[in-house]
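Protein chains in written order, with the working numbering: chain A, 0 to 557; chain R, 2 to 445.
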């Protein structure tokens with residue numbers, strides 16, 4: 000979940016001498032200003048179908064846990080002990096980064112054995128038939144077909160069911176009926192058909208485009224379930240797939256809207272939020288208790304839950320449910336312990352409830368303790384990390400790591416100076432300024448929040464100066480005073496809204512946007528605009544692009 | 002440690018316990034040595050303070066400096082190598098840390114890709130390492146008979162990106178390390194105990210299931226496009242590798258005893274770095290003593306992970322210290338202390354391996370450890386004049402106890418020399434453009 004913390008704190012002029020090329024590169028980036036994420040001429044997308052790339056996608060641990068829960072009722076989260084996913088673009092579900100090493104293959108094997116053993120405790124629950132009445136072998140054959148179809152998300156080919164039937168027969172002959180069935184479960188859960196999303200598309204390409212094919216209904220059902228639930232389809236989706244009823248946009252949209260009302264959608268969306276905002280790092284941060292007496296490690300999961308609950312509320316329960324509300328809502332979700340931490344009144348117990356906030360001090364997720372504490376040091380705030388967060392996660396402008404031969408040492412905590420003053424060196428140092436003017440002036444706007452996100456009017460006895468400025472954006476440039484004003488500015492920004500859709504594109508489709516994806520991205524952005532940047536509508540829009548419903552024709556070996 | 006049954010072991014000459022698998026292994030090793038050779042890659046990041054790292058003296062008569070001094074008792078089993086350049090790491094995409102770690106064992110350029118941003122070029126992104134690493138090449142050759150072709154161990158590596166991987170099965174196939182000694186214990190030693198009949202049944206079932214899984218994967222691969230097919234084939238390779246080793250010997254006895262991992266502590270707490278490191282070395286040494294693997298790597302954290310060596314009285318991250326000026330004596334001396342501490346860990350690992358008798362010597366005599374890093378020193382991020390140490394005996398293939406000073410020889414030559422010393426007679430390794438042959442004077 001975590002990213003390498005490449006950024007450290009300050010630069011020294013001396014160490015930068017001789018690194019002119021590096022500095023030039025950063026300055027050049029600043030001067031140019033960011034381009035739209037993917038540019039494409041509207042005329043290119045106006046005709047034909049442009050699905051973009053769609054590599055096979057391996058399940059993540061989250062998806063594996065959900066899939067075995069929905070497949071077999073096994074809620075033991077067996078994938079929690081799997082090796083962590085390799086991460087790319089800040090997400091752990093990117094197709095190109097997810098392979099299978101021997102370690103993971105062993106873990107798949109052992110997990111499948113444990114799952115099969117647990118399933119064997121109550122075959123009655125899983126079998127579609129009564130082996131006593133029907134006969135064990137006939138019932139096992141039915142199980143192979145029914146279980147295999149749900150696990151592979153499409154009917155088994157004859158060779159596949161024959162292979163599993165043989166395995167069952169061997170297990171029964173050598174041991175017993177239950178062992179035979181367990182081996183079937185093990186083989187299915189280790190199959191590429193279960194672990195990857197494999198798509199072949201319809202047998203024939205679309206009219207006038209020999210290289211593009213529509214996905215069949217089984218494949219569409221799987222795309223829907225993994226996008227919205229991070230799991231396998233439910234019975235209704237499977238039924239629709241079996242009828243071939245997911246071939247048109249309206250039917251797909253209807254399913255998407257139904258699925259968004261299911262609690263599984265909330266879990267999947269929370270998974271996105273946690274990764275997009277880097278909240279997984281909360282569990283590893285430490286804070287200096289001498290400087291922050293209000294801190295205790297037990298606050299960390301509460302902070303995380305606050306942000307995830309807040310965003311869940313905005314996306315699923317708020318009337319507008321849009322990006323602006325995420326950034327500017329004058330409320331949050333807290334329990335009694337968190338309310339005491341923030342110094343607000345309201346909740347009395349451990350349950351999280353909606354709490355109104357002082358709109359002069361707090362607005363949306365940007366001013367919540369989770370992000371403020373993650374993007375801070377153990378003993379002080381960090382304007383750099385806070386600015387970097389806004390630049391990279393909200394504006395989708397990746398920043399390069401600092402030049403390699405820079406002397407980066409954090410400023411000591413100095414009781415005679417504000418954090419802001421100590422960090423100001425970046426802006427005056429020509430070597431660092433190139434990149435740091437992109438981050439620090441944004442981060443200074445957060446100086447009213449200390450290293451654990453509590454409001455402060457004074458920093459080391461000096462009044463806080465939380466004036467800041469944004470530069471190098473398409474529509475947000477200029478000075479501001481405080482994070483509430485910053486959030487309001489970002490809430491109006493088309494660039495930020497596009498970035499949210501771009502992050503969802505990467506997460507939802509499992510890969511970074513490339514040239515071939517330009518038309519799908521344009522479709523997505525247009526739909527998001529048309530829906531007034533409502534996030535739930537964005538999820539629906541992800542199911543309406545060419546990239547979702549079509550793919551390049553698969554040519555074996557090509 | 003619990004000693005369990007010894008019935009699968011023979012008594013060798015002199016009463017030394019010999020595990021049965023070694024007898025069968027003799028014909029497979031290229032060397033005539035009666036015991037298998039083992040290889041361990043030992044990685045620490047961010048280079049060394051060169052002046053404190055380099056020995057003084059001549060090839061055969063030298064004194065270790067402050068960094069390597071903890072290894073003095075093993076000096077007769079060391080080859081200290083200076084003056085070798087990681088030339089390949091000056092080519093291809095990536096920033097110096099990314100290049101340094103990915104090239105360290107592969108000698109191959111990184112892939113261009115859209116996965117990770119890097120310093121110095123705001124328009125470019127980089128992918129994974131571009132080729133197989135030397136440990137995995139050895140695993141392919143020497144790892145066929147053991148339960149694990151290789152084991153990858155980490156100490157708080159934690160991160161999952163190109164700056165945190167040095168073992169590669171091939172281009173864009175990073176092999177992640179296991180950071181948890183507890184998970185590692187279960188994986189490696191979990192099956193060594195228990196009812197033999199139950200284990201036999203499990204093996205028989207696994208054979209059947211994995212056969213079906215492989216048949217299934219093969220037929221699926223045939224239908225996929227090239228890139229997807231390759232991904233599935235890598236997966237299939239992993240499954241085949243497990244299937245091929247199901248019957249590999251794995252018994253407790255002789256020097257092979259179950260390691261004791263004690264009560265569980267937080268694997269990622271900064272201050273547990275030494276304790277987790279020690280556990281991982283105990284498990285690594287025992288995996289080798291039990292012949293569960295012959296190839297391994299031990300990666301000490303990620304290059305820019307922000308580890309603070311508090312147990313040395315330090316409060317700044319290693320990465321931050323490594324950027325300090327060579328004239329900043331206070332910080333440079335802390336870097337020396339970090340190097341010295343890692344040398345102590347290597348000495349500990351050597352002690353452990355030397356504690357297992359094997360023939361007339363010890364397991365250490367038949368092991369080669371390569372201590373490598375990503376950059377020569379932090380201040381410049383140079384990848385020239387790298388601080389390499391070879392340790393152990395490599396079964397007599399190397400004449401140890403020397404300090405060899407090279408003048409810009411490429412590190413690909415070191416890597417191919419390692420292969421040859423391990424009995425794998427490759428003539429080149431990594432990108433051949435940076436490999437001109439064996440390092441002179443290295444092989445005995």
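Every residue, glycine too, gets a C-beta built ideally from N, C-alpha and C.
Taking DSSP as the reference, what is the three-state secondary structure of residue 395(A)? In the structure shown, residue 395(A) adopts coil according to DSSP, grouped into three states.
Between the C-alpha atoms of residue 316(A) and residue 118(A), what's the straight-line distance to the nearest angstrom? Taking the straight line from one Cα to the other gives about 37 angstroms.
For residue 483(A) and residue 467(A), the rounded distance between their alpha carbons: One C-alpha to the other measures close to 11 angstroms.
At 7 angstroms on the CB atoms, spell out the chain R contacts of residue 99(A), in chain order. Residues of chain R with a Cβ closer than 7 angstroms to the Cβ of residue 99(A) are, in chain order, 235, 236, 239.
CB-CB under 7 angstroms to residue 1(R), same chain, minus the five flanking residues each way: which ones, in chain order? Shown here, chain R extends from 2 to 445; a query on residue 1(R) therefore has no answer.
Kindly indicate if chain A contains any beta-carbon less than 9 angstroms away from that of residue 145(R). Among the residues facing chain A, residue 145(R) is not included, as its CB has no counterpart in that chain under 9 angstroms away.
Straight-line Cα distance separating residue 355(A) from residue 264(R): About 45 angstroms.
Counting only C-beta atoms, is residue 18(R) closer than 9 angstroms to chain A at any point? Only weak support exists for where residue 18(R) lies, its pLDDT of 36 falling under 50; the value from the coordinates is given anyway. Nearest CB-CB separation between residue 18(R) and chain A: not below the 9 angstroms threshold.
Residues that DSSP places opposite residue 533(A) in a beta bridge: Answer by DSSP bridge pairing, in chain order: 321(A).
Give me the chain R residues within the contact set of residue 55(A), using Cβ-Cβ distance strictly less than 8 angstroms, ordered along the chain. Identification of chain R residues near residue 55(A) by a Cβ-Cβ cut-off of 8 angstroms yields 225, 229, 232, 233, ordered along the chain.
For residue 235(R), which residues from the same chain have a beta carbon less than 8 angstroms from its beta carbon, with the 5 sequence-adjacent residues on both sides left out? Same-chain partners within the cutoff: 170, 171, 174.
Expected contact under 8 angstroms - CB spacing of residue 342(R) and residue 156(R) to nearest Å: The Cβ separation is near 12 angstroms, so there is no contact.
Kindly list the residues whose CB is nearer than 7 angstroms to the CB of residue 322(R), restricted to its own chain and excluding five residues on each side of it in sequence; keep chain order. Closer than 7 angstroms at Cβ, skipping near neighbours: 332, 335, 336.
Looking at the structure shown, is residue 436(R) part of a helix, part of a strand, or coil, going by DSSP? Coil, per DSSP.
Separation of residue 191(A) from residue 453(A), as counted between CA atoms: Using only the alpha carbons, I get a separation of about 49 angstroms.
State the Cα-Cα distance for the pair residue 339(A) and residue 366(A), rounded to the nearest angstrom. So the two alpha carbons sit approximately 16 angstroms from each other.
Using alpha carbons as the reference points, say which of 414(A), 435(A), 420(A) lies closest to residue 397(A). The candidate whose alpha carbon is nearest that of residue 397(A) is 435(A).
Which class does residue 377(R) belong to by DSSP, given the choice of helix, strand or coil? Three-state result, residue 377(R): coil.
Does the stretch 373-386 of chain R come close enough to the stretch 93-101 of chain R that 3 or more CB-CB pairs lie under 8 angstroms? The stretch 93-101 of chain R makes contact with the stretch 373-386 of chain R, as at least three CB pairs between them are under 8 angstroms.
At the level of alpha carbons, what is the spacing between residue 408(R) and residue 387(R)? Cα to Cα, the separation comes out at about 11 angstroms.
From residue 161(A) to residue 216(R), what distance separates their C-alpha atoms? Each residue's Cα considered, the two are about 12 angstroms apart.
For residue 496(A), report the span of its alpha helix (DSSP H) as first-last. For residue 496(A), the enclosing alpha helix (DSSP H) stretches over residues 493-508.
Contact list for the stretch 195-213 of chain A against chain R, Cβ threshold 8 angstroms: Cβ contacts with chain R come from 195, 197, 199.
Given residue 509(A) as reference, the closest of 42(A), 49(A), 57(A), 48(A) once Cα atoms are compared: It is 57(A).
Compare the beta carbon distance of residue 143(R) and residue 392(R) with 9 angstroms and say whether it is the shorter of the two. Contact: no.
Between the stretch 545-556 of chain A and the stretch 193-212 of chain A, do at least 3 Cβ pairs fall closer than 8 angstroms? Enough Cβ pairs lie closer than 8 angstroms, so yes.
Assess contact between the stretch 349-365 of chain R and the stretch 127-134 of chain R, defined as three or more Cβ pairs (one per stretch) separated by less than 8 angstroms. Is contact present? Contact between the stretch 349-365 of chain R and the stretch 127-134 of chain R is absent, because fewer than three Cβ pairs lie under 8 angstroms.
Which class does residue 454(A) belong to by DSSP, given the choice of helix, strand or coil? Assignment of residue 454(A) by DSSP, reduced to helix, strand and coil, places it in the strand class.
Along the stretch 411-423 of chain A, where does the CB come closer than 9 angstroms to a CB of chain R? Name the residues. If the cut-off is 9 angstroms between Cβ atoms, the stretch 411-423 of chain A has nothing near chain R.
Reference residue 380(R); option with closest CA among 37(R), 44(R), 49(R), 39(R): Looking at the Cα atoms, 49(R) is the closest of the given residues.
Is the beta carbon of residue 151(A) sitting closer than 9 angstroms to the one on residue 127(A)? The answer is no: Cβ separation not under 9 angstroms.
Using only the alpha-carbon positions, how far apart do residue 118(R) and residue 399(A) sit? Rounded to whole angstroms, residue 118(R) to residue 399(A) spans 6 angstroms at the Cα level.
Against chain A, with Cβ distances strictly below 9 angstroms, would residue 133(R) count as a contact? False, the Cβ-Cβ gap to chain A never drops below 9 angstroms.
Is it buried or exposed, residue 59(R), if we count other Cβ atoms within 10 angstroms and call 16 or more buried? A residue is called buried once 16 or more other Cβ atoms fall within 10 Å of its Cβ, and residue 59(R), having fewer, is exposed.
Pairs of beta-carbons, one from the stretch 418-429 of chain R and one from the stretch 66-80 of chain R, closer than 8 angstroms: are there three or more? Verdict: no, contact absent.
Given a limit of 7 angstroms on CB to CB distance, which residues of the stretch 174-203 of chain R reach chain A? Under the 7 angstroms Cβ criterion, the stretch 174-203 of chain R contributes 174, 175, 176, 177, 179, 184, 188.
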